[in-house]
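Throughout the sequence shown, residue numbering follows full-length UniProt numbering, covering 1 to 1211 in sequence. Glycine included, every Cβ here is placed at the ideal spot set by N, Cα and C.
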Amino acid sequence: MSVTDDMRAEPRTAGQSAPPPRDGQFDKTPPQDVAAEQCVLGGMLLSKDAIADVVEILKSTDFYRPVHATIFDAILDIYGRGEPADGITVAAALADSGDLARVGGAPYLHTCMAAVPTAANASYYARIVGERAVLRRLVEAGTRIVQLGYGTAAGGSRDVDDVVDLAQQAVYEITERRVSEDFAVLADMLQPTLDEIEAVGAQGGVMTGVPTGFTDLDRLLNGLHPGQLIIVAGRPGLGKALALDTPLPTPDGWTTMGEVQVGDRLLAADGTPTTVTAAFAVLVGRPCYEVEFSDGSVIVADAEHLWQTTHPAAPARVLAAVGPTGGDGCPAPAVVPARRESVLTTAEIAATLRTGPDAHPNHAVASCAPLRLPPRDLPVPPYALGRRLGDEGRPAGSLPRALHPVGYPQEHIPGDYLRGSEAQRRSLLAGLLDAAGTVTPTGGVRYSCASRRLAENVRELVVSLGHHCTVTARPVPGRTERSATTYTIDFVTADAVFRRADRAAAHAAHRRPGADVRAGVRYVVDVRPVASVPVRCVTVDNPEHLYLAGRSMIPTHNSTASMDFARNAAIRANQAAAIFSLEMSKVEIVMRLLSAEARVPLHVLRSGQLSDDDWTKLARCMGEISEAPLFVDDTPSMNLMEIRAKARRLKQKHDLKMIVVDYLQLMTSPKRTESRQQEVADLSRGLKLLAKEVECPVIAVSQLNRGPEQRTDKRPQLSDLRESGCLTAETRLIRADTNAEVTMGELLKAGTREIPVWALDENLRYSPRTMTHVFPSGRREVFRLTLASGKQIDATANHPFLTFAGWVPLGELAVGARLATPRHLPPPLATRSWVEAEVVLLAHLLGDGSFVRRQPIRYASRDEENLVAVAEAAKHFGISAVRDEYEAARVTTLRLPAPYRLARGRRNPVAEWLDGLGLFGLRSHEKFIPQAIFSLPKEQITLFLRHLWSTDGSIHVNKSGRGGRVYFSSTSRRMLEDISRLLLRYGITARLKVVPVADHRPQYTLDISGRDDQLRFLREIGVHGERAAACEALLAVLETVVGNTNVDTVPTEVWSQVREVLVERGMSHREFARAMGTQFCGSALWKRAPSRSRLARIASVLDAADLELHATNDIFWDEITSIESLGEQDVFDATVLGTHNFVANGIATHNSIEQDADVVILLHRDDYYDKESPRAGEADFIVAKHRNGPTDSITVAAQLHLSRFVDMAIV
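Written out as C-alpha cells, the structure reads:
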C-alpha cells in the first residue's frame, strides 16, 4: 500500500462486485497521491534538510492539489531568503500574500506536519509525487492525441502528417522534465579529458580566475573567509564575432548580426529556439577571414570566432609515457580512435586547414538538426503547395487562390511554410520533389527550377530539415529570357523524401552506404584573410552555446568565459572545492586543470600533438589530481535553489571549503522577478546567504561590460560590472533616522557606515533599511535624467530605476517613460523638538530675511502679522527688533541687533545660531532648509511651513472661480527641493518649475497642483498672516468642485493585470463595466491611465489584492521629460541590505550587483590591448572593493598558454 492510500477497505455485501483498482483502466480520477503530497510538505516544514532534498526532485507544478503548490512555493521563498521555514513562518507568509485562508489556514499546515511519519523520508515521498505527476501528463497527452485522431477522422481540416507531428510533440512534452546532472568526481573525469586531448580541442579563451595561494593577495585579504561572497570579474571575449550583415535564422524568419538584440530568439544547433542573453558592442579593426564550406557557403568571421568542428581522430596513441596504468597505478583504458569534436577559433582552423599528402580538408562542421518548431495554421496543405510550385509548366498566376491576398508576385515559398513544423516542412519538400525532383546515379536528390527566389527558398527548406545542399546555376542556351538560367539544388539523405512510389524506390536503390555520414557534415575548404569589417558577437542560453548563422544555417559558437578558481584549494591544500559551471563542460574544465598542473600548453592539448615529454608531465600529475577533492557540476541553466541544495549536501559529506559559480549572468531565478537587474540582485544576495549557510567562501564569476574598451585607460573599474550602475558624488540620499538628506560624497569622505535609509519593500511602501557604506566606482559617462516634477538625478547608463514593469537601466529608458518617486515618506525614526520661537524665526528669515556677512540681520515684510511674529520670536534670543519704515518701497524692515556689545569672541546670538545651522552668510539663491528641520515632529513642521509660506508663498483663486493656485517662489532650487521633501510627510506631491528671468538668475516655483493635494495643504498646513484669508477663500472653492483625478495616476500597464483578473474571475468586459457602474466603452478603457481612486474601486469590485496595492502604495509615477549626457565624471554606489534600493534625489533607485559582495576583484591584462606593452605576460588583480580592509592592485604572471596565473613571488 502506498502512503497515498488513506482510504480503508469497506466490507461488501454478498454478490457485490469489487470496485475497480485505484489505478485501474476505468478510474476517471487523475493519478495523484494527496497523502504523499502532505508528507512532502510536512517534511519540509519540519526539516530544512528535507527542503534541500525535495527541491532537486519536485517543482510546484508537480502537485495535484493547487493549495499544495501554493504552500510549496511559500516554503521555497522563505528558504531562499535564508530564513527558517516552519509552520509559523509559512503561515505568516501565506497570510501576507492573502493565500492562508485558501490553503486551509494554519491548522492545515499542522495537519501536514502531523501526517509525515519522519522528515528523513521526504525525498521518497517526493519521488512518489513526481511519478504521479508524470502519469497525469501522460493521461493528458493521451487525451489530446485521441481528440486529434477523432477530429481528423471525422473530416477535420488537419493533414494527417500534421496530426502525427502534434502527437509526437505531445508525447515529447511528457519527457521534457528537469534533468539535473550531479557532481562528477575529478578522478572520473580524467580519462574523458585525455580522450579529448587525444582528439582535438576544447573550449578556448582567456582564463578569468583568481586561484588561492597568491602571496600579496592573501596578505591583502587575509585569505578567503567562510561566509564571504567574492565577485571576480573579467572582460567578455573580445572576439568570437561575425560580420554585421551575417544572416541569422529565427523561429519566425531572419535577422542579421547587426540587428539582433538581447531577448531576441535565434535557432540553436539542435533545432530549438534559443534566447539571446547578451549582444555586445560592434567591434572594428579585428582581423577577419572568409570561411568557405564545401557546400559553397561563405561566412565572414573574426580570428577568434569559435567553431565546433569535427575531424578524423589522431592515431590511437596508447599512453606510452603512462604505460598500462595511470600515474597512481590505476588502470588507464585504451584510447579508441574516432571522429571527435572540438571547439576551435577561425585562426586555428586556418593554421590546420588541410591534412595528409592529398591535402584533404581537416575540419568539418556538422549540419544542424531539423528545426523543431510548432505547427502553423496554413491556408493550403504543404504537400499541395509543393506540387504546384514544383510544376514548372504552371504560370505564376495559378498559385492557390488562398495565397493571392498575401501578395506573392512570383513562385516562392511563403515564410509561414518555411517555419512550420517539421512534418509540415517534410510534406512541402515531398510535394516539390514529387513534382520536379530526381534521383542522381549516386543516390543523391536533385531539384531544378528556373526561379532563383524559389531555389533559395528550397535551399532554406532543405537545410531546415537537417541536410546541407549545394546550389548551382547553369545557363540554358536557346531558351527564353525568363528561363535562361536553371538552378539546381543537390543534397544527400537517407530520409524518405519522396512520396511517389517510383522515385522513392529509385532513391532507396541508388543510395550508397555511408552516404548519411558524409551528408551530416560540411567541410571547411578555405579560410582566407579579408579586409577588416565591423563585427559583433552574441551569447545564447542553450547549453551547447551554439546558434545557427548564414543562409545555410551553419552551427557556430557564441561568446564564452573561462575559469580555474578552485585548483590550488583542492590540489595544493587538499580542501574540498565545488565548481558549478553553467557555461563550460566538465571536460573543458579538466582540460584547463591539466594544462595548469602539468604545465603543458593549452594549445598543445587542443591540437592533440603531445610529445613524449608532454605525456610524461601528464602522467606525473595525474595521481595528485585524481586524489584532489574537486567536484564539478556542469548542469546548464541551474537556478540558485539547486546550487544551494547540492552545496549543502557536499558540505555534509565532504566538508566543503570553497564554491565557485561560473558565471553569475547565466544563473536563473525560479521566482518571477520584475527585471533582470532585480533578478541578478536577488541572485547575488542568495549567493551571499549560501556562503553564510555552508560556512565557506563563494566565488561568483561575473563579466565586465564594454566600458574599458571605450576609455583611453583600459583598466576596469567597479562601475564596469554588468547589471551595475553608479551615481555622482552630489547625489542626495534620504536618511531614515532624521529624514534629512546627505550626499554620497559626504558619506564617503566621512567613512560613515550603517546608515538607515528609506527603501521600498515588497509592498511598495517605504520602510527603513540599512545602507552599509558608499564606495567609489571609477569614472564613467554620466547622464542627467529630468522628471516632470522637476526632480533631477545624474547617473550612468546602466543604473536601474523603477518602472511599472520593474527595474530598468537608464540607458533603456526614453522620454515619456514613468518612474517611481516617493508619494509619501514616514516620519523619521527619531524626532527632536525645537523651541517654537526658533521654528518661526527660521521660517521667516529663510523667506524674507537677509543674513549676509558684515551686514545687519534684517527681515522685510508688508504683512503686519509677520512682522509681529518675527519680533516676538527674536525675544527668545534676547533681541529687541528695531523697526524701519520704507514708505517709498511700501515695506517695513526689522533689524535684529545683538542685545549686548559685540566684543572679541562674542557674536550676535542669531548670527551664531544661523552659523551653527550652516546658513549664516548665504545669499538668497544659496539658502536651504537645515537638516534639523526634517527631524521635527509633524506639528512643528506644520508650524514651519505655515510661516514659511507667508513670506514667498502665494495662494489665490483663479478667474473662473473653480480652482486656484498654491505655489512658493525662490531663486534657490535647493530650498524648493527641501520644501518638496517636507511636503511628502503629508502625502503632498509638488512640481518644481523654472521661470527664466532675463539678465538675472532663474526664478523657481514649487507648485502644488491637483484638488486633493491642495485641499490637504490648506486643511493641514495653511498660511500665517494676511494670506490666511486667501486660504479660506480657495478652500471654500475646492470643497464645492469635483477634482481632476488625472494628476496622480497609475501607468496604463496596470490594465494588463486587470484583464488577467477578469479572465480568472470569468467576467466579461461588459459585466465589468456594469459592476463598476460605468458605460461600456470597448478598448478605449485600456488606453487611459487610471487614477488611484478609480483603481482602488476596481480592486474592490474584483477583490484583487495586487490591484489594491498599486492603488495604495507609496509611489508617485513621475514622467521623464529629458535625458542628456554630461560627459565623464567620478561615480559612486552604495550597499543597501535586503531590498537593494534607496531614495536618491527624490527618485527610487537600485544599487549594484556587487552590493552583497565582500570582495570584488577585477582582472586586467595590459598586453591584451597593447601588443607592444612592456608588461607583456603580466596581469593585475584589481581589488576594487574590500568590505573589511584596504583595496589594492596585485600583479601576477599570466601564463595563459598554461591556462593559469602564477604568483610573482614564485616566478
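Looking at the strands, I want to know which residues DSSP matches up with residue i.
| i | result |
| --- | --- |
| Lys749 | Answer by DSSP bridge pairing: none, since Lys749 is not bridged. |
| Ala364 | Thr310, Tyr523 |
| Trp807 | Leu802 |
| Thr472 | Thr488 |
| Gln147 | DSSP output for Gln147 lists no bridge partner at all. |
| Phe934 | None, per the DSSP bridge assignment. |
I'd like to check one pair, residue j with residue i: are the Cβ atoms closer than 8 Å?
| i | j | result |
| --- | --- | --- |
| residue 1274 | Val1042 | A query on residue 1274 cannot be resolved here, the shown segment of the chain reaching from 1 to 1211 and no further. |
| Phe968 | Thr1005 | yes |
| Glu730 | Glu1128 | no |
| Arg965 | Gly1022 | no |
| Gly790 | Lys959 | no |
| Gly550 | Val1131 | no |
| Ala450 | Thr485 | yes |
| Asp62 | Ala133 | yes |
| His1024 | Ser954 | no |
| His844 | Leu727 | no |
| Leu433 | Phe498 | yes |
| Val103 | Cys39 | no |
| Thr272 | Arg372 | yes |
| Ile1194 | Leu224 | no |
Pull up the CB-CB distance for residue i and residue j, whole angstroms please, since I reckon it's below 8 Å.
| i | j | result |
| --- | --- | --- |
| Tyr487 | Ala473 | 5 Å |
| Lys657 | Ala596 | Wrong, their Cβ atoms sit about 19 Å apart, outside the cutoff. |
| Asn739 | Phe934 | 4 Å |
| Thr803 | Ala817 | 6 Å |
| Arg446 | Gly437 | 7 Å |
| Val524 | Val284 | Incorrect: roughly 25 Å between the Cβ atoms, too far for contact. |
| Thr256 | Leu267 | With a Cβ gap of about 14 Å, Thr256 and Leu267 do not count as contacting. |
Of the choices the options, whose alpha-carbon is the least far from that of residue i?
| i | options | result |
| --- | --- | --- |
| Val67 | Leu100, Ser123, Thr989, Asp863 | Leu100 |
| Ala1100 | Leu825, Asn866, Ala1075, His773 | A small fix is needed here, since residue 1100 is Ser in this sequence, not Ala. Answer by Cα proximity: Ala1075. |
| Leu896 | Gly905, Pro909, Ala888, Tyr886 | Pro909 |
| Lys1185 | Leu45, Arg858, Val1160, His1164 | Val1160 |
| Gly253 | Arg265, Leu813, Asp1103 | Arg265 |
| His360 | Arg592, Gly443, Gly296, Asp526 | Asp526 |
| Gly987 | Glu460, Cys621, Glu456, Ser1009 | Ser1009 |
| residue 1282 | His1150, Ile879, Ala506, Thr635 | Look at the range of the chain in this structure, 1 to 1211, and you will see that residue 1282 is not part of it. |
| Asp295 | His467, Ala1073, Gly1146, Ser861 | His467 |
| Arg832 | Gly234, Pro937, Glu912, Pro822 | Pro937 |
| Gly921 | Glu885, Glu456, Leu846, Leu785 | Leu846 |
| Glu939 | Arg1011, Ala911, Glu1020 | Glu1020 |
| Gly961 | Leu785, Thr1040, Gln1014 | Thr1040 |
| Thr1078 | Ile1098, Lys1087, Val1061 | Ile1098 |
| Thr1121 | Leu785, Ser297, Met257 | Leu785 |
| Glu887 | Ser861, Ile879, Ala881 | Ser861 |
| Phe351 | Glu83, Pro529, Gly263 | Checking the displayed sequence, the identity of residue 351 turns out to be Ala instead of Phe. For Ala351, the nearest C-alpha among the options comes from Pro529. |
| residue 1216 | Thr1052, Ser367, Ile413 | Residue coverage of the chain in this structure runs from 1 to 1211, which leaves residue 1216 outside it and unanswerable. |
| Gln32 | Val774, Ala93, Arg137 | Arg137 |
| Ala69 | Gly82, Val55, Arg735 | Val55 |
Any 3 or more C-beta pairs closer than 8 Å across the stretch 294 to 311 and the stretch 342 to 353: yes
Would you call the stretch 881 to 893 and the stretch 916 to 935 touching, i.e. three or more CB-CB distances under 8 Å? no
Does the stretch 977 to 984 come into contact with the stretch 837 to 857, if we say contact requires no fewer than three beta-carbon pairs (one atom in each stretch) closer than 8 Å? Contact between the stretch 977 to 984 and the stretch 837 to 857 is not established, with fewer than three Cβ pairs separated by less than 8 Å.
For the stretch 646 to 654 against the stretch 1106 to 1117, do three or more pairs of beta-carbon atoms, one drawn from each stretch, fall closer than 8 Å, so that the two count as touching? With a cut-off of 8 Å, the stretch 1106 to 1117 and the stretch 646 to 654 do not count as touching, because too few Cβ pairs lie within range.
Using 8 Å as the Cβ pair cut-off and three pairs as the minimum, do the stretch 218 to 232 and the stretch 683 to 695 touch? yes
Inter-stretch contact (C-beta, 8 Å, three-pair minimum) for the stretch 41 to 51 and the stretch 71 to 84: Three or more pairs of CB atoms, one per stretch, sit closer than 8 Å, so the stretch 41 to 51 contacts the stretch 71 to 84.
Answer yes if the stretch 820 to 832 comes into contact with the stretch 759 to 779, meaning at least three C-beta pairs across the two stretches below 8 Å, and no otherwise. yes
Contact between the stretch 1136 to 1143 and the stretch 1082 to 1098 is defined here as three or more beta-carbon pairs at a separation below 8 Å; is this criterion met? no
Counting pairs of Cβ atoms below 8 Å between the stretch 693 to 700 and the stretch 1173 to 1180, do you hit three or more? no
How do the stretch 828 to 840 and the stretch 873 to 881 stand: do at least 3 beta-carbon pairs fall below 8 Å, yes or no? yes
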